[in-house]
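Working notes for the structure below.
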Amino acid sequence: MTTTSKASSTVPNFCEGIQYFGEALPDFEKYGANPVIESGKGAIANPTDTKAVYQTLLAADALRYLTLQITGSKASGHPGGFASQAEAYAALVMLGHKNIITEVGHHAPGFYSAMFLDRSLEDMGISTVQQLRDRFREKHGLLGHLSGYIPGILAPAGPLGQGQHFAMAAALLHRDKLFPFTLGDGGLGEPYIMSSMAHFNTAYPTVTNFLPVLVWNGYSQEHHSMVSLKTNAEMIAYWQGNGFAEVVLVNAKDFDDQNQDGEYVDSTAFSFKNRLEFTKAVLVGMDKAARSALSGKLTVFIIKQLKGAGVHDLGAKSHNLYPKDTLDAPHIITALKNRALSVEAWQTVRTNAERAGGGPAAKTVVTEFELPLADLGKLPLEEYQVGAVPQVATTVMGKLVGVVGNKDKNFLVTNADGNAASGIGNINEALKIIHPTTDETYHQAPGGQVYEPLSEDACAGLAAGLSLMGARTLWCSYESFAINGLPIWQTVTQAMAELRRKTPSTITLFTAGALEQGRNGWTHQRPEIEAYFASLMRTGNVFPLFPPDANSIQVCYDWALQTKNKGIVITASKSPLPIRSTFAQTEKGLIDGAVLLHEVAGGKTVVFAVIGDMTLIPVFEAAAFLETEGIGVKIVSIINPRRLYRPHDTAWDTCSEPDNGFLSDADFEQLFGGDALIGVTGGAAAMLEPIMLRSNSKRDSFAWKRGETTASAGELMAFNGLTAEALTKRAIELVH
């Protein structure tokens with residue numbers, strides 16, 4: 001094909017920045033000149049129609065060209081993986097499916113190219129290829145990995161093993177739409193892709209309208225993929241063995257007429273006739289897979305084609321660009337010229353893209369609209385008298401969770417098979433565990449609202465995914481195990497911080513902190529997750545909450561339900577503990593960050609800044625002794641530590657739903673001012689940072705050191721130095 005840097009015919013404005021145009025492909029006037037998706041239609045009429053096949057091939061080459069040109073413009077980014085499945089993506093669009101998600105963050109430049117072609121990116125001021133190039137990998141532009149900030153993009157992508165959660169969540173909320181997600185064979189071994197889909201299918205056997213699209217290209221990022229030696233039969237058996245009733249595999253090798261070596265080949269090297277045959281197989285196969293998924297069969301589509309097909313290099317070497325891979329480099333120029341389309345072909349591709357699915361993705365995909373939420377009304381909070389009989393905070397919150405679920409049928413609770421063990425068995429009683437076996441003894445039924453896989457990743461993934469898609473959820477876990485589900489939850493909170501729409505906050509309840517887990521050994525004592533949340537507070541939209549009792553936890557949960565685009569972590573004990581606060585105190589504590597629980601005047605004043613509920617026990621004991629010594633004591637319960645930072649400590653103003661609530665310096669001094677301050681937590685000391693940053697008193701901190709097998713919480717606290725005696729001794733040292 002000969003190419004020119006300027007086209008002979010009038011170039012549409014959107015093509016500004018395209019460096020090379022090619023001559024028309026064979027039979028273009030017959031099959032490519034008139035867009036096959038008719039005006040007012042959202043898809044091709046027939047996947048076997050030669051025009052539809054021809055124009056799907058044009059779309060695939062357009063995607064490859066743009067992917068390589070925008071990455072080449074910065075000599076950075078990842079063209080190879082997306083290029084190997086360009087026909088599959090193009091087929092989905094031509095069939096009218098635009099709610100496309102990916103598990104592969106490195107497919108970002110391909111997705112951006114697709115959003116450009118259908119005009120979605122015009123919503124962020126990108127209307128030409130030159131602007132597409134200029135804003136790739138730039139702040140407030142097209143980030144290196146997918147982001148909810150980009151119009152038409154349904155979910156973030158970066159960490160592998162997460163895309164299926166978003167697709168399943170969307171499928172659950174929108175049963176009439178297809179949610180394909182691309183999955184790389186390099187990431188196929190990530191935990192816990194297959195198990196999460198298998199559990200979801202068991203829980204929701206009729207919700208099959210999510211479609212994994214496996215990009216089986218033989219390579220990972222820097223080497224062969226671990227499944228590269230599987231035969232076609234073995235790969236099919238693998239998916240069937242994991243519950244997939246329909247496996248549609250299209251292998252480029254079957255159409256190769258160029259005698260390419262190996263099991264993985266590049267379809268762009270075929271004769272044009274065979275390129276069309278391969279594209280037809282993909283289009284027909286994708287149509288079959290889509291119909292299967294939408295009709296109640298768990299289905300996977302597999303495209304087997306060499307990584308890097310149609311771009312600058314092949315195999316793992318095509319994965320990303322390096323500084324040498326500029327648009328002036330001969331091998332990049334050659335690759336672009338090989339993929340160059342005629343001006344008329346670009347116009348056909350653009351028209352099909354914007355008509356497909358009923359319009360640009362930015363105007364049509366489900367995440368461009370807020371999901372209607374059920375009205376919860378006023379929750380039946382029950383206030384206990386201070387000093388009343390000790391209550392289990394988690395159980396009290398569980399009652400409210402049951403009310404929420406009964407009023408909002410989209411609401412879902414997830415837990416790794418441990419609600420009863422966490423003191424929230426009442427959630428199971430009210431909402432039922434989703435299970436194919438109906439059993440009243442275990443409160444399980446097919447139509448329940450409690451999702452209980454044994455994987456924290458699957459728990460966090462579906463709960464956080466549903467929240468991102470617009471629904472209310474609650475992820476429950478032991479604090480010690482929750483770390484295994486945190487990556488997907490963090491991905492979602494970061495995405496929420498930059499979304500262009502409101503969505504319910506993703507809320508968690510973590511019970512049985514390390515202090516309650518002594519009898520179970522050190523494997524159950526992992527409070528480092530609190531350090532993780534402590535660091536996330538600085539992002540501006542993550543709020544760890546530490547209610548001191550059963551009254552406080554109700555107010556915390558009620559507040560959390562009313563918030564948007566935040567990550568809210570409620571940590572509480574599953575043991576009966578004293579009632580120390582009123583509703584009004586927690587309402588104030590949520591605003592101020594902390595609340596004064598106890599104060600006695602004395603000669604010198606020691607302030608105990610306490611995170612948690614159990615940790616208050618030795619603090620109150622220490623306070624009683626110090627008071628007999630004539631030392632003044634203030635016990636401050638830290639409920640919402642994010643409020644205790646200074647505004648400039650966090651990125652609150654960069655969040656799409658900014659929260660600028662911070663305790664003033666004067667109010668901080670009134671609450672925490674004294675001759676000495678001791679921060680106390682049963683978790684990671686990092687959570688005390690905002691107090692230690694701002695206090696001008698002599699100060700110290702008491703925190704978790706490490707786990708040990710003990711017979712009681714008190715013994716475990718003693719092992720970590722969290723005793724009344726140790727606190728008293730240090731307080732006296734600080735004030736004298």
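Under full-length UniProt numbering, read the sequence shown as residues 1 to 736, first letter to last.
For each residue, glycine too, the CB sits at the ideal point set by N, CA and C.
- Query: Are the region 608-628 and the region 569-580 touching by the rule of at least three beta carbon pairs closer than 8 Å?
  - Reply: With a cut-off of 8 Å on Cβ pairs, the region 608-628 is in contact with the region 569-580, counting three or more such pairs.
- In whole angstroms, what is the alpha-carbon distance linking D313 and T351? As a first step, residue 313 must be located in the sequence shown, where it is residue number 313. As a first step, residue 351 must be located in the sequence shown, where it is residue number 351. So the two alpha carbons sit approximately 30 Å from each other.
- Message: Closer than 8 Å is the cut-off here; do at least three beta carbon pairs connect the region 69-86 with the region 101-112?
- Response: Contact holds: three or more Cβ-Cβ distances are below 8 Å.
- The alpha helix (DSSP H) enclosing H165, as first and last residue numbers: Taking the first residue of the sequence shown as position 1, residue 165 is located at position 165. Its alpha helix (DSSP H) spans residues G163 to L173.
- Task: Using three-state DSSP, classify Q391 as helix, strand or coil.
- Result: By one-based count along the sequence shown, residue 391 stands at place 391. Residue state, collapsed to three classes: strand.
- How about the region 179-199 and the region 223-234: do they share at least three Cβ pairs that are nearer than 8 Å? At 8 Å Cβ cutoff, the stretches touch.
- Query: By Cβ distance, which residues of its chain are closer than 6 Å to V250, with the 5 residues on each side in sequence left out?
  - Reply: Here residue 250 is taken as the residue at index 250 of the sequence shown, counted from 1. Excluding positions up to five away in sequence, the list reads A281, V282, G285 and I303.
- Query: Short check: CB of D700 to CB of L671, under 8 Å?
  - Reply: For this step, residue 700 is matched to residue 700 along the sequence shown. For this step, residue 671 is matched to residue 671 along the sequence shown. The answer is no: Cβ separation not under 8 Å.
- Contact belief for S195 with S455 at Cβ below 8 Å, rounded distance in angstroms: To locate residue 195, count along the sequence shown from 1; it is residue 195. To locate residue 455, count along the sequence shown from 1; it is residue 455. S195 to S455, Cβ: 6 Å. Contact.
- Under a three-way DSSP split, which group does N259 fall into? The sequence position of residue 259 within the sequence shown is 259, counting from 1. DSSP, reduced to helix, strand and coil, places N259 outside both helices and strands of the structure shown, so it counts as coil.
- Should D176 go down as buried or exposed, given a rule of 16 or more other Cβ atoms within 10 Å for buried? Sequence index remark: in the sequence shown, residue 176 carries index 176 (1-based). D176 sits exposed, since fewer than 16 C-beta atoms from the chains shown fall within 10 Å of its C-beta.
- Which of the three DSSP states, helix, strand or coil, is assigned to V413? Numbered from its first residue, the sequence shown carries residue 413 at position 413. If DSSP states are grouped into helix, strand and coil, V413 belongs with the strands.
- Item | 4 or more residues per run - each alpha helix (DSSP H) lying fully within the region 293-341 | With a minimum length of 4 residues, the continuous alpha helix (DSSP H) runs that stay inside the region 293-341 are 330-339.
- Could you give the distance in angstroms between the alpha-carbon of D123 and the alpha-carbon of D134? Within the sequence shown, the letter at position 123 stands for residue 123. Within the sequence shown, the letter at position 134 stands for residue 134. Computed Cα separation, rounded: 16 Å.
- Length of the line joining the Cα atoms of M1 and S220: Residue mapping note: residue 1 aligns to position 1 of the sequence shown, counting from 1. Residue mapping note: residue 220 aligns to position 220 of the sequence shown, counting from 1. Low local confidence applies: a pLDDT of 45 at M1 is under 50, so the model's placement there is unreliable, and no value is given.
- Query: Looking at the structure shown, is H78 part of a helix, part of a strand, or coil, going by DSSP?
  - Reply: Working through the sequence shown from its first residue, we reach residue 78 at position 78. Here DSSP, grouped into helix, strand and coil, assigns H78 to coil.
- Report all residues from its chain with a CB closer than 6 Å to the CB of E222; omit the five preceding and five following residues, and keep chain order. If you number the sequence shown from 1, residue 222 lands on position 222. Excluding sequence neighbours, E222 sits near A316.
- Beta-carbon proximity of A420 to N428, cut-off 8 Å: Here residue 420 corresponds to residue number 420 of the sequence shown, with the count starting at 1. Here residue 428 corresponds to residue number 428 of the sequence shown, with the count starting at 1. Their beta carbons are under 8 Å apart, which means A420 touches N428 by this criterion.
- C-alpha gap between S712 and P576, whole angstroms: Locating residue 712 in the sequence shown gives position 712, counting from the first residue. Locating residue 576 in the sequence shown gives position 576, counting from the first residue. The straight-line gap from Cα to Cα measures roughly 14 Å.
- Once you ignore the five residues that flank L25 on each side, which residues in its own chain have a CB closer than 6 Å to its CB? Here residue 25 refers to the residue found at position 25 when the sequence shown is read from its first residue. Counting only Cβ-Cβ distances below 6 Å, and skipping sequence neighbours, we find nothing.
- For S8, name the three-state secondary structure that DSSP assigns. For the purposes of this step, residue 8 is taken as the residue at position 8 of the sequence shown. Caution is warranted here: a pLDDT of 47 is assigned to S8, below 50, making its placement in the model unreliable, and the coordinate value is therefore given only provisionally. If DSSP states are grouped into helix, strand and coil, S8 belongs with coil.
- For Y442, is the classification buried or exposed, using 16 other Cβ atoms within 10 angstroms of its Cβ as the cut-off for buried? Against the sequence shown, residue 442 aligns to sequence position 442. By the beta-carbon neighbour count (other beta carbons within 10 angstroms, threshold 16), Y442 is exposed.
- Message: Alpha carbons only, please: which of L142, K51, G567 and V300 is nearest the one belonging to P35?
- Response: Here residue 35 corresponds to residue number 35 of the sequence shown, with the count starting at 1. Considering only alpha carbons, the answer is K51.
- Helix, strand or coil at L515 according to DSSP, with G and I counted as helix: As a position in the sequence shown, residue 515 is number 515, starting the count at 1. Judged by DSSP in its simplified three-state form, L515 adopts helix.
- Message: Beta-carbon within less than 6 Å of W475's beta-carbon, same chain only, minus the 5 sequence neighbours each way: which residues are those?
- Response: The residue given as residue 475 occupies position 475 in the sequence shown. Around W475: T414, C459, A460, A463 and T508.
- Message: Tell me which residues share the same chain as A374 and place their Cβ nearer than 6 Å to its Cβ, disregarding the 5 neighbours each side in the sequence.
- Response: Counting from 1 along the sequence shown, the entry for residue 374 is found at position 374. Excluding positions up to five away in sequence, the list reads K407 and D408.
- In this structure, does DSSP put E657 in helix, strand or coil? For the purposes of this step, residue 657 is taken as residue 657 along the sequence shown, with counting starting at 1. Note: E657 maps to coil in three-state DSSP.
- Message: Across the region 293-301 and the region 241-260, are there enough close Cβ pairs to call them in contact, namely three or more that are closer than 8 Å?
- Response: In this structure the region 293-301 lies against the region 241-260, because at least three pairs of beta carbons, one per stretch, are closer than 8 Å.
- Query: According to the neighbour-count rule (16 or more other Cβ atoms, all chains shown, within 10 Å of its Cβ), is K6 buried or exposed?
  - Reply: Position 6 of the sequence shown, counting from 1, holds the residue named residue 6. Note that K6 scores 47 on pLDDT, short of 50, meaning its location in the model is unreliable and no value can be drawn from it.
- Task: Classify I635 as helix, strand or coil using the three-state DSSP reduction.
- Result: Against the sequence shown, residue 635 aligns to sequence position 635. In the structure shown, I635 sits in a strand (DSSP, three-state: E or B).
- Which residues bound the beta strand (DSSP E) around residue 740? Residue 740 lies beyond the range of the chain shown here (1 to 736); nothing can be said about it.
- Message: Which complete alpha helix (DSSP H) runs does the region 413-473 hold, if anything under 4 residues is left out?
- Response: You should have 425-431 and 456-468.
- Query: Leaving out the 5 sequence neighbours to the left and right, which residues in its chain are closer than 7 Å to T208 when beta-carbon positions are compared?
  - Reply: If you number the sequence shown from 1, residue 208 lands on position 208. Within the same chain, T208 has close Cβ partners A293, G296, K297, L298 and T299.
- Item | Rounded separation between V365 and N99 - CA only | Along the sequence shown, one-based indexing puts residue 365 at 365. Along the sequence shown, one-based indexing puts residue 99 at 99. V365 and N99: Cα-Cα distance of roughly 5 Å.
- Beta-carbon gap between T67 and P109 smaller than 8 Å: The residue you call residue 67 lines up with position 67 of the sequence shown. The residue you call residue 109 lines up with position 109 of the sequence shown. The criterion of a C-beta distance shorter than 8 Å is satisfied by T67 and P109.
- Message: Give the list of continuous alpha helix (DSSP H) stretches no shorter than 4 residues that lie fully inside the region 648-719.
- Response: Along the length of the region 648-719, whole alpha helix (DSSP H) runs at least 4 residues long occupy 665-672, 689-694 and 713-719, reported in chain order.
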